[in-house]
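Note sheet for the following structure.
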Amino acid sequence: MSGVLLSVEAALATVLAGIEGLADLEEMGPEGALGRVLATPVVSTTALPPWDNSAMDGYAIRSADVAAASEGTPVRLTVVGEVRAGVAPDVRVLGGTAVRIATGAALPPGADAVVPVELTTPLDGSGNPGPRGREAVGPLPAACLVHVPVGARNAIRDAGSDVAAGVEVVAAGSLVTPAVVALAAGAGAGLVTVRRRPVVAVLATGDEVRAAGTDLGPAGIPDANGPGLRALVREAGATPLDLGIAVDRLEDVEARLRRGLSEADLVVVSGGVSVGPYDVVRTAFDSVGHINLWRVAIQPGKPFAFGRADVDGRDRPVLLFGLPGNPVSSFVTFELFVRPVIRRLAGHATLQRPVDRAVLEEGVSKSVGRRGFQRVTALRAPDGSPLRDGAGRVRVRLAGGQGSHVLSALAAADALAVVPEPLERAEAGTEVELRWLDRG
Ligand code: AMP
Ligand code: MG
Numbered sequence: 035m036s037g038v039l040l041s042v043e044a045a046l047a048t049v050l051a052g053i054e055g056l057a058d059l060e061e062m063g064p065e066g067a068l069g070r071v072l073a074t075p076v077v078s079t080t081a082l083p084p085w086d087n088s089a090m091d092g093y094a095i096r097s098a099d100v101a102a103a104s105e106g107t108p109v110r111l112t113v114v115g116e117v118r119a120g121v122a123p124d125v126r127v128l129g130g131t132a133v134r135i136a137t138g139a140a141l142p143p144g145a146d147a148v149v150p151v152e153l154t155t156p157l158d159g160s161g162n163p164g165p166r167g168r169e170a171v172g173p174l175p176a177a178c179l180v181h182v183p184v185g186a187r188n189a190i191r192d193a194g195s196d197v198a199a200g201v202e203v204v205a206a207g208s209l210v211t212p213a214v215v216a217l218a219a220g221a222g223a224g225l226v227t228v229r230r231r232p233v234v235a236v237l238a239t240g241d242e243v244r245a246a247g248t249d250l251g252p253a254g255i256p257d258a259n260g261p262g263l264r265a266l267v268r269e270a271g272a273t274p275l276d277l278g279i280a281v282d283r284l285e286d287v288e289a290r291l292r293r294g295l296s297e298a299d300l301v302v303v304s305g306g307v308s309v310g311p312y313d314v315v316r317t318a319f320d321s322v323g324h325i326n327l328w329r330v331a332i333q334p335g336k337p338f339a340f341g342r343a344d345v346d347g348r349d350r351p352v353l354l355f356g357l358p359g360n361p362v363s364s365f366v367t368f369e370l371f372v373r374p375v376i377r378r379l380a381g382h383a384t385l386q387r388p389v390d391r392a393v394l395e396e397g398v399s400k401s402v403g404r405r406g407f408q409r410v411t412a413l414r415a416p417d418g419s420p421l422r423d424g425a426g427r428v429r430v431r432l433a434g435g436q437g438s439h440v441l442s443a444l445a446a447a448d449a450l451a452v453v454p455e456p457l458e459r460a461e462a463g464t465e466v467e468l469r470w471l472d473r474g
């Protein structure tokens, strides 16, 4: 196991092997399901629109009445009533009559078309015309002149033309986006069924690591990874569980791990994964489960361990991720290996972030034999959109120092530029794959 470095693809295949979406389901209103994955289809309980309604403010009429209308010889119709949105029609349109109608109001019986108010002139009880095409507000006119012919179904939204009643409107497996929230709610679904969020336990380790904001003493450093990883967990769509900060002792790491095993689907540990005298995480993984892989050909991201632990009473093993203590390394390994697993557990079809092509504006060095994931920033137009060269490639520069401890560059980066294993250096002008961090 030692000397050999696993490729990124082989490592990802190993961590994803046999993993399926969580079977546990939850019911909730569409709004609360934002970001979840639908476990069952959303079925409409109502047609959309539920009844024929008007697409415009105007008059519900019979189209045959206005077939001969023109500017010079408008057709006069008697206005016999009004339909407002939210009120069922109580009047019928007969030949020679019109009913004033508001956008979204139900089409009254007898009408087969709506003529927009802009194409009419109101007449008062004495037959005096008002201003042409004014808004359909104010007292109901006694009659109106229609200046143009309109065809049958003009400005009418037919019942069920968007969605029929009792049909599948969103498929199982779909991501609940804001538009899906609107569609599900609009189609009358009070509740939707989604997969539960994975629970991901996060444990920071290190005798030097202290909770941020507490006294650091002479040799302490603030815990960046615990809060950072829990934020990544949340952003990936899972619920974080805080296992605190363990000292570099097997008993402490193991006890906290066991809490993670009983409460979480996946445990992420930062630090202590290396081969130093105080690095106890791999030993702890081996005592609660078994390690499946160790050492991947990436930079940053050394060292990285993955394992599984079978837990009594659980129908699937709890996944164990040992990430490097260096914050940039733990972030990148989470991004590459943990996030796809969380998304698979949550039921998402798409596991990876969007990928682009980029061109380096400046050169960067890296270790031969490891795939580099450089923290980069896209050059941007004043409106914030990324600048591309003539070949459509995003122009990127380094976000700052590329050391695996440089958090400021990580925070400044909006993407990772992927530099292939064989290269020791990629010069300015090199084309690279770009993995956006700030998008979907
Ligand atoms: P390790 O992987 O435990 O050897 O740690 C590598 C480097 O990351 C060391 O410089 C640690 O001090 C640092 N480190 C480990 N854990 C954290 C943490 N939670 N927050 C910030 N830095 C850390
Ligand atoms: Mg350590």
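Note that my numbering gives residue 326 to position 292 of the sequence shown, counting from 1, and the numbers run on in steps of one. Yeah, the Cβ is synthetic: ideal placement off N, Cα and C, and Gly gets one too.
(message) Is residue 90 close to chain C? Criterion is C-beta to C-beta, closer than 8 Å.
(response) Among the chains of the structure shown, chain C does not appear; only one protein chain is present.
(request) Consult DSSP for residue 267 and reduce its assignment to one of helix, strand or coil. (result) One-based indexing of the sequence shown puts residue 267 at position 233. If DSSP states are grouped into helix, strand and coil, residue 267 belongs with the helices.
(request) Verify the contact flag: residue 260, CB atom, against every heavy atom of the ligand MG, threshold strictly below 7 Å. (result) Translated into the one-based positions of the sequence shown, residue 260 becomes position 226. The answer is no for residue 260.
(message) Quick check: residue 219 and residue 64, are their CB atoms within less than 8 Å of each other?
(response) Position 185 of the sequence shown, counted from the start, is the residue given in the question as residue 219. Position 30 of the sequence shown, counted from the start, is the residue given in the question as residue 64. Contact flag set, yes.
(message) Could you tell me the alpha carbon to alpha carbon distance between residue 194 and residue 79, rounded to whole angstroms?
(response) Reading the sequence shown from its first residue, position 160 is the one you call residue 194. Reading the sequence shown from its first residue, position 45 is the one you call residue 79. Going by the C-alpha atoms only, they are around 12 Å apart.
(message) Once DSSP output is grouped into helix, strand and coil, what is the label at residue 356?
(response) For the purposes of this step, residue 356 is taken as the residue at position 322 of the sequence shown. DSSP places residue 356 in strand when its eight states are reduced to three.
(request) Using 7 Å as the cut-off, classify the Cβ of residue 53 as near or not near the heavy atoms of the ligand AMP, replying yes or no. (result) For this step, residue 53 is matched to residue 19 along the sequence shown. Set against 7 Å, the gap from the CB of residue 53 to the closest heavy atom of the ligand AMP is not smaller.
(request) Please list, in chain order, all residues of the same chain as residue 286 whose beta carbon is under 8 Å from its beta carbon, the five residues on each side excluded. (result) Along the sequence shown, one-based indexing puts residue 286 at 252. Closer than 8 Å at the Cβ level, and outside the excluded window around residue 286, lie 280.
(request) Compute the minimum distance between the beta carbon of residue 495 and the heavy atoms of the ligand AMP, and state whether it is under 7 Å. (result) Look at the range of the chain in this structure, 35 to 474, and you will see that residue 495 is not part of it.
(request) Compute the beta-carbon to beta-carbon distance between residue 307 and residue 316, rounded to the nearest angstrom, for a pair I have assumed lies under 8 Å. (result) Walking along the sequence shown from the start, residue 307 turns up at place 273. Walking along the sequence shown from the start, residue 316 turns up at place 282. At roughly 6 Å, the Cβ-Cβ gap stays under 8 Å, so residue 307 and residue 316 are in contact.
(request) Compute the distance between the beta-carbons of residue 277 and residue 352, then report whether it is under 8 Å. (result) The residue given as residue 277 occupies position 243 in the sequence shown. The residue given as residue 352 occupies position 318 in the sequence shown. No, the Cβ-Cβ distance between residue 277 and residue 352 is not below 8 Å.
(request) Could you pull out every residue in the same chain whose Cβ sits closer than 8 Å to the Cβ of residue 446, ignoring the five residues on either side in sequence? (result) Position 412 of the sequence shown holds residue 446. Here the set comprises 409, 411, 433 and 434.
(message) Which same chain residues end up closer than 6 Å to residue 238 when comparing Cβ atoms and leaving out the 5 residues on each side of it in sequence?
(response) The residue given as residue 238 occupies position 204 in the sequence shown. These residues qualify, in order along the chain: 257, 259, 260, 279 and 304.
(request) For residue 273, collect the residues of the same chain with a Cβ closer than 6 Å to its Cβ; drop the 5 residues on either side in sequence, then sort them by chain order. (result) For this step, residue 273 is matched to residue 239 along the sequence shown. Counting only Cβ-Cβ distances below 6 Å, and skipping sequence neighbours, we find 231 and 233.
(message) Just list the residues that DSSP pairs residue 405 with in beta bridges.
(response) Here residue 405 is taken as the residue at index 371 of the sequence shown, counted from 1. In the DSSP output, where bridge partners are listed per residue, residue 405 has 332.
(request) Quick one: using the 10 Å Cβ neighbour count with 16 as the cut-off for buried, is residue 36 buried or exposed? (result) Residue numbering aside, residue 36 sits at position 2 when the sequence shown is read from its first letter. Caution is warranted here: a pLDDT of 47 is assigned to residue 36, below 50, making its placement in the model unreliable, and the coordinate value is therefore given only provisionally. By the Cβ-count criterion, residue 36 is exposed, with fewer than 16 other Cβ atoms from all chains shown falling within 10 Å of its own Cβ.
(request) Could you check the C-alpha separation between residue 441 and residue 283 for me, to the nearest Å? (result) Sequence index remark: in the sequence shown, residue 441 carries index 407 (1-based). Sequence index remark: in the sequence shown, residue 283 carries index 249 (1-based). Cα atoms of residue 441 and residue 283: separation of roughly 27 Å, rounded to the nearest angstrom.
(request) Measure the C-alpha to C-alpha separation of residue 341 and residue 462 and round it to an integer number of angstroms. (result) Looking up residue 341 in the sequence shown gives position 307. Looking up residue 462 in the sequence shown gives position 428. When rounded, the distance between both Cα atoms is 39 Å.
(request) Find the nearest neighbour of residue 390 within the set 251, 103, 67 and 467, judged by alpha-carbon distance. (result) In the sequence shown, residue 390 corresponds to position 356, counting from 1. Among 251, 103, 67 and 467, the Cα nearest to that of residue 390 belongs to 467.
(message) Here's a check: name, in chain order, each residue in its chain whose Cβ is nearer than 6 Å to the Cβ of residue 312, leaving out the five neighbours to either side.
(response) Sequence index remark: in the sequence shown, residue 312 carries index 278 (1-based). So the list reads 282, once near-sequence residues are dropped.
(request) Name the residue from 470, 404 and 397 whose alpha carbon lies nearest to the alpha carbon of residue 459. (result) In the sequence shown, the residue the question calls residue 459 occupies position 425. Taking only the C-alpha atoms, the option nearest residue 459 is 397.
(message) Considering just the uninterrupted stretch of the alpha helix (DSSP H) at residue 220, what are its terminal residues?
(response) Along the sequence shown, read from residue 1 onward, the residue named residue 220 stands at position 186. Its alpha helix (DSSP H) spans residues 212-220.
(message) Could you check whether the Cβ of residue 397 sits closer than 7 Å to any heavy atom belonging to the ligand AMP?
(response) Taking the sequence shown and counting its residues from 1, one reaches residue 397 at position 363. It does not: the Cβ of residue 397 is nowhere closer than 7 Å to a heavy atom of the ligand AMP.
(message) With a threshold of 7 Å on Cβ separation, who are the neighbours of residue 372 within its own chain once the five nearest residues in sequence on each side are excluded?
(response) The residue you call residue 372 lines up with position 338 of the sequence shown. Closer than 7 Å at the Cβ level, and outside the excluded window around residue 372, lie 302 and 355.
(request) Could you pull out every residue in the same chain whose Cβ sits closer than 7 Å to the Cβ of residue 250, ignoring the five residues on either side in sequence? (result) Sequence index remark: in the sequence shown, residue 250 carries index 216 (1-based). If we look at residue 250 and ignore the five residues flanking it on each side, its Cβ neighbours are 244 and 256.
(message) Do residue 339 and residue 404 count as a contact pair if the criterion is CB distance below 8 Å?
(response) Stepping through the sequence shown from its first residue, residue 404 is reached at position 370. Stepping through the sequence shown from its first residue, residue 339 is reached at position 305. No; because the gap between Cβ atoms is not below 8 Å, this pair is not in contact.
(message) My parser needs the beta strand (DSSP E) runs of 3 or more residues fully inside the stretch 233-281; what are they?
(response) 233-239 and 273-280
(message) Measuring only from the beta carbon, is residue 251 closer than 7 Å to any heavy atom that is part of the ligand AMP?
(response) Taking the first residue of the sequence shown as position 1, residue 251 is located at position 217. No; taking the cut-off as 7 Å, the Cβ of residue 251 has no heavy atom of the ligand AMP nearer than that.
(message) Can you tell me whether residue 424 sits near the ligand MG, meaning its C-beta is under 7 Å from at least one heavy atom of the ligand?
(response) As a working note, residue 424 is residue 390 in the sequence shown. At a cut-off of 7 Å, the beta-carbon of residue 424 does not count as near the ligand MG: no heavy atom of the ligand is closer than that.
(message) Using a 10 Å radius around the Cβ and a threshold of 16 neighbouring Cβ atoms, would you call residue 88 buried or exposed?
(response) Translated into the one-based positions of the sequence shown, residue 88 becomes position 54. Counting Cβ neighbours within 10 Å, residue 88 comes out buried, since at least 16 surround it.
(request) List the DSSP bridge partners of residue 155. (result) The residue labelled residue 155 in the question sits at position 121 within the sequence shown. Beta-bridge pairing links residue 155 to 179.
(message) If distances are taken between C-alpha atoms only, which option among 471, 324 and 329 comes closest to residue 39?
(response) What you label residue 39 is simply residue 5 of the sequence shown in a count that begins at 1. Among 471, 324 and 329, the Cα nearest to that of residue 39 is on 329.
(request) Look up residue 58 in the DSSP assignment and say whether it is helix, strand or coil. (result) Residue numbering aside, residue 58 sits at position 24 when the sequence shown is read from its first letter. The answer is coil: DSSP assigns residue 58 none of H, G, I, E or B.
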